[in-house]
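A.B. asks: Before we start, here is the structure in question, set down as structure tokens.
Protein chains: 2
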Amino acid sequence: MWLRPERPPRDRRLTRERIVDVAVAVLDAEGHGGLSMRRVATELGVTAGSLYWYVRTKDDLLELALDRVLAEVSADPGAPGWRPALAALARSNRAMLLRHRWALSELTLRPNLGPNALALAETGLRLLERAGFAGADLDAAMAAVNDHVVGAVIAEVAWHGTLERMGESGAGWGERAAGYLREVAARHPALARRMAATGEIDVERESERRFEFGLDCLLDGLAARRLAPPPP
Amino acid sequence: MWLRPERPPRDRRLTRERIVDVAVAVLDAEGHGGLSMRRVATELGVTAGSLYWYVRTKDDLLELALDRVLAEVSADPGAPGWRPALAALARSNRAMLLRHRWALSELTLRPNLGPNALALAETGLRLLERAGFAGADLDAAMAAVNDHVVGAVIAEVAWHGTLERMGESGAGWGERAAGYLREVAARHPALARRMAATGEIDVERESERRFEFGLDCLLDGLAARRLAPPPP
DNA sequence: ACCTGAACACCGTTCAAGT
DNA sequence: ACCTGAACACCGTTCAAGT
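Listed in order, the protein sequences are those of chains B and D. Using our numbering, the letters of the first sequence map in sequence onto residues 28 to 259. Using our numbering, the letters of the second sequence map in sequence onto residues 28 to 259.
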């Protein structure tokens, strides 16, 4: 009894890091709707109120979670040229967003100025500087690539969600859907042609194809606009 | 008394359309956080439960609201060429998303197959068909343009939000922010250079410049990839 | 057919009170 | 310094009951 000294205050049960850990885990597992303060708290064997000692609001927690996953995006610094390097950065970014789909909505709703976000911006900018961009065009080029990544993943996630919904829907859904689609096809011939062609397709592979197509277009445009690369 | 006939059941207070009307109004005025079933209900002089006669869930209501504002996107069918026409469509889309910033998060979270979304897809596809695209490249080209619009608006809204936050923050914030920025600048030279150059800039004009820059890059890439336009 | 009113289960957040 | 427990104000949704 008296032999055991009082616990040092260092082995507290909570840390900001541990809280973000389980927040990311819950978000990955159950999406945005699954995250609640009480849920995170019980997962840590603690009351909801306790979290507010480490985090000001739930919004702040989400901001921390977003920056956490942004650390997963990586650039290969020893890439052979600016174009493959930039493409690799874009692909890594896309892969991360597909791993943590909830991160997209966070990106939409709140600005992120976390350390990992800034580090990521830095590597992108340096890459484009070496490629021969400067001034306002440098910002615009960086933005164009990022925009394509974000836009493409949003479209892919939405597409995926549509298919999931269609799968969930119970019996009796088939007829209504078929009727709706028939009507749509009648009114929208071009759309009907495309729907017929995309009937049996692997969504993920096709999404990747589209992503690469758009990226290539963009990089072509960028290549034409860069200044002469600075002499080494 | 007996002269006045019973009210015909037609003058009911609620309609799906009216409900969507006020939902869009509330969303425009107060954003995503301001919308609640009780809020919409009281705005219509009615109880929250009543809404569920016309709408299955709040999610359905948001879907309806999204399709409502998608109707605002318009394409000029009599445009001189495919490239200006496509650019005009993209700009109209962007303008709508900037008018209804809440629509972005909806676009992120849920698939939208409403009539206006489909009509919009149809006009885009026909435009690209006339431009000389077909098959999988047609889908990819359409997707690339849409992705750029969505991605660019997301970035712009996030940027805008950052500035607003910085404006709201009370006294004593300046020193902490300055310290943070100094640290960032020290660790990230390229970012520091860009931050210095972007010091006093009109966010909206600069966002538009970036949008047009990326769009031009993309259209260059698309122009190089289209097949020969079909003979008239 | 359409709407009310009350209830249910769940939120984020606060805060005195304990240790 | 750190955590509990209870409370507050607010959710989305359901449903018997009224008309």
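Ideal Cβ positions, reconstructed from N, Cα and C, are used throughout, including at glycine.
Give me the Cα-Cα distance between residue 33/B and residue 77/B, rounded to the nearest whole angstrom.
C.D. replies: As a working mapping, residue 33/B is identified with position 6 in the first sequence. As a working mapping, residue 77/B is identified with position 50 in the first sequence. Annotation note: pLDDT 49 at residue 33/B (below 50); position unreliable, no value reported.
A.B. asks: Taking 8 Å as the threshold (beta carbon to beta carbon), is residue 206/B in contact with chain D?
C.D. replies: Against the first sequence, residue 206/B aligns to sequence position 179. No, residue 206/B does not count as interfacial toward chain D.
A.B. asks: Comparing alpha-carbon positions, which option in 222/D, 136/D, 215/D, 161/D lies nearest residue 87/D?
C.D. replies: One-based indexing of the second sequence puts residue 87/D at position 60. Ranking the options by Cα distance to residue 87/D, first place goes to 136/D.
A.B. asks: Distance, Cα to Cα, residue 36/D vs residue 68/D?
C.D. replies: Taking the second sequence and counting its residues from 1, the one referred to as residue 36/D is at position 9. Taking the second sequence and counting its residues from 1, the one referred to as residue 68/D is at position 41. At residue 36/D the pLDDT is 49, less than 50, meaning the model places this residue with poor confidence and gives no usable figure here.
A.B. asks: With DSSP run on the structure shown, which of helix, strand or coil describes residue 133/B?
C.D. replies: The residue given as residue 133/B occupies position 106 in the first sequence. If DSSP states are grouped into helix, strand and coil, residue 133/B belongs with the helices.
A.B. asks: Go ahead and pull the three-state DSSP assignment for residue 71/D.
C.D. replies: Indexing the second sequence from 1 puts residue 71/D at position 44. Three-state DSSP puts residue 71/D in coil, outside helix and strand.
A.B. asks: Which ranges does the alpha helix (DSSP H) cover as unbroken runs of at least 4 residues, wholly within the segment 192-219 of chain B, from first to last along the chain?
C.D. replies: DSSP runs (the alpha helix (DSSP H)) wholly in the segment 192-219 of chain B: 200-214.
A.B. asks: Flag this pair as yes or no: are the beta carbons of residue 175/D and residue 175/B separated by less than 8 Å?
C.D. replies: If you number the second sequence from 1, residue 175/D lands on position 148. If you number the first sequence from 1, residue 175/B lands on position 148. In contact: residue 175/D and residue 175/B (Cβ atoms closer than 8 Å).
A.B. asks: Kindly say whether residue 95/D, judged by its beta-carbon, lies nearer than 8 Å to any beta-carbon of chain B.
C.D. replies: As a position in the second sequence, residue 95/D is number 68, starting the count at 1. So, not an interface residue.
A.B. asks: Find the residues of chain B that neighbour residue 119/D, judging by a C-beta separation of less than 9 Å, and give them in chain order.
C.D. replies: Looking up residue 119/D in the second sequence gives position 92. Neighbours of residue 119/D on chain B: none; closest Cβ ~16 Å, over 9 Å.
A.B. asks: What would DSSP say about residue 167/D, mapped onto helix, strand or coil?
C.D. replies: If you number the second sequence from 1, residue 167/D lands on position 140. Looking at residue 167/D - three-state DSSP - the assignment turns out to be helix.
A.B. asks: Which first and last residues belong to the alpha helix (DSSP H) in which residue 142/B is found?
C.D. replies: As a position in the first sequence, residue 142/B is number 115, starting the count at 1. Segment 142-158, the alpha helix (DSSP H) holding residue 142/B.
A.B. asks: Rounded to whole angstroms, how far is the Cβ of residue 46/D from the Cβ of residue 177/B, which I believe are closer than 8 Å?
C.D. replies: On the second sequence, residue 46/D is found 19 positions in, with the first residue counted as 1. On the first sequence, residue 177/B is found 150 positions in, with the first residue counted as 1. About 32 Å; that fails the 8 Å criterion.
A.B. asks: For a test of the three-state rule: what should DSSP assign to residue 229/B, helix, strand or coil?
C.D. replies: Position 202 of the first sequence, counted from the start, is the residue given in the question as residue 229/B. DSSP places residue 229/B in coil when its eight states are reduced to three.
A.B. asks: Residues of chain B with CB closer than 8 Å to the CB of residue 84/D, please, in chain order.
C.D. replies: Your numbering for residue 84/D matches position 57 in the second sequence. Those within 8 Å of residue 84/D in chain B number zero; the least Cβ separation is about 12 Å.
A.B. asks: So, residue 248/D versus residue 97/B, is the Cβ gap smaller than 8 Å?
C.D. replies: Residue 248/D sits at position 221 when you count from the first residue of the second sequence. Residue 97/B sits at position 70 when you count from the first residue of the first sequence. Contact flag unset, no.
A.B. asks: Using a C-beta to C-beta distance shorter than 8 Å, which residues of chain D count as neighbours of residue 131/B?
C.D. replies: Working through the first sequence from its first residue, we reach residue 131/B at position 104. Ordered by position in chain D, the residues that pass the 8 Å Cβ test against residue 131/B are 135.
A.B. asks: Which residues bound the alpha helix (DSSP H) around residue 19/B?
C.D. replies: As displayed, chain B neither begins before 28 nor continues past 259, which places residue 19/B out of reach and without an answer.
A.B. asks: What residues in its chain sit with their C-beta under 7 Å from that of residue 169/D, if we drop five residues either side in the sequence?
C.D. replies: Residue numbering aside, residue 169/D sits at position 142 when the second sequence is read from its first letter. Taken in chain order, the residues that qualify are 151, 152, 155.
A.B. asks: For residue 188/D, return the contacting residues in chain B, with the cut-off set at a CB-CB distance below 9 Å.
C.D. replies: Taking the first residue of the second sequence as 1, we reach residue 188/D at position 161. Simply 136, 137, 138.
A.B. asks: In three-state DSSP terms, what is residue 84/D?
C.D. replies: Looking up residue 84/D in the second sequence gives position 57. Residue state, collapsed to three classes: coil.
A.B. asks: Are residue 110/D and residue 250/D closer than 8 Å when you measure CB to CB?
C.D. replies: In the second sequence, residue 110/D corresponds to position 83, counting from 1. In the second sequence, residue 250/D corresponds to position 223, counting from 1. Cβ atoms of residue 110/D and residue 250/D: closer than 8 Å.
A.B. asks: Buried or exposed: residue 40/B, going by 16 or more other Cβ atoms within 10 Å of its Cβ?
C.D. replies: Along the first sequence, one-based indexing puts residue 40/B at 13. That one is exposed.
A.B. asks: Could you compute how far the alpha carbon of residue 162/B sits from the alpha carbon of residue 236/D?
C.D. replies: To locate residue 162/B, count along the first sequence from 1; it is residue 135. To locate residue 236/D, count along the second sequence from 1; it is residue 209. Spanning the two alpha carbons is a distance of roughly 13 Å.
A.B. asks: Would you kindly report the start and end of the unbroken alpha helix (DSSP H) that includes residue 120/B?
C.D. replies: Taking the first residue of the first sequence as 1, we reach residue 120/B at position 93. 109-126 is the extent of the alpha helix (DSSP H) around residue 120/B.
A.B. asks: Check residue 77/B in the structure and name its three-state DSSP category.
C.D. replies: Indexing the first sequence from 1 puts residue 77/B at position 50. Reduced to three states, the DSSP call for residue 77/B is helix.
A.B. asks: Mind checking if residue 114/D is an interface residue toward chain B, Cβ cutoff 8 Å exclusive?
C.D. replies: For the purposes of this step, residue 114/D is identified with residue 87 of the second sequence, where counting begins at 1. No, residue 114/D does not count as interfacial toward chain B.
A.B. asks: My output table needs one value for residue 241/B: the three-state DSSP class, helix, strand or coil.
C.D. replies: One-based indexing of the first sequence puts residue 241/B at position 214. Residue 241/B: helix per DSSP, three-state reduction.
A.B. asks: For residue 95/D, tell me which candidate among 144/D, 205/D, 204/D has the shortest Cα-Cα distance.
C.D. replies: Looking up residue 95/D in the second sequence gives position 68. Residue 144/D is the option with its Cα nearest to residue 95/D.
A.B. asks: Pick helix, strand or coil for residue 40/B, following the three-state DSSP scheme.
C.D. replies: Reading the first sequence from its first residue, position 13 is the one you call residue 40/B. Note: residue 40/B maps to coil in three-state DSSP.
A.B. asks: Whose Cβ in chain B lies nearer than 7 Å to the Cβ of residue 149/D?
C.D. replies: Within the second sequence, residue 149/D is the residue found at index 122, counting from 1. 215, 217, 218, listed in chain order.
A.B. asks: Going by C-alpha to C-alpha distance, which of 130/B, 80/B, 74/B, 172/B sits closest to residue 99/B?
C.D. replies: Start at 1 with the first residue of the first sequence, and residue 99/B comes out as number 72. For residue 99/B, the nearest C-alpha among the options comes from 130/B.
A.B. asks: Any beta carbon of chain D sitting closer than 8 Å to that of residue 126/B?
C.D. replies: Residue 126/B sits at position 99 when you count from the first residue of the first sequence. With 8 Å as the cut-off, residue 126/B does not count as an interface residue toward chain D.
A.B. asks: For residue 134/D and residue 185/B, what's the separation of their Cα atoms in angstroms?
C.D. replies: In the second sequence, counting from the first residue as 1, residue 134/D sits at position 107. In the first sequence, counting from the first residue as 1, residue 185/B sits at position 158. The alpha-carbon atoms of residue 134/D and residue 185/B are separated by roughly 8 Å.
A.B. asks: Could you tell me whether any Cβ in chain B is nearer than 8 Å to the Cβ of residue 259/D?
C.D. replies: As a working note, residue 259/D is residue 232 in the second sequence. The pLDDT assigned to residue 259/D is 46, lower than 50, so where the model puts this residue is not dependable, and the model offers no usable value.
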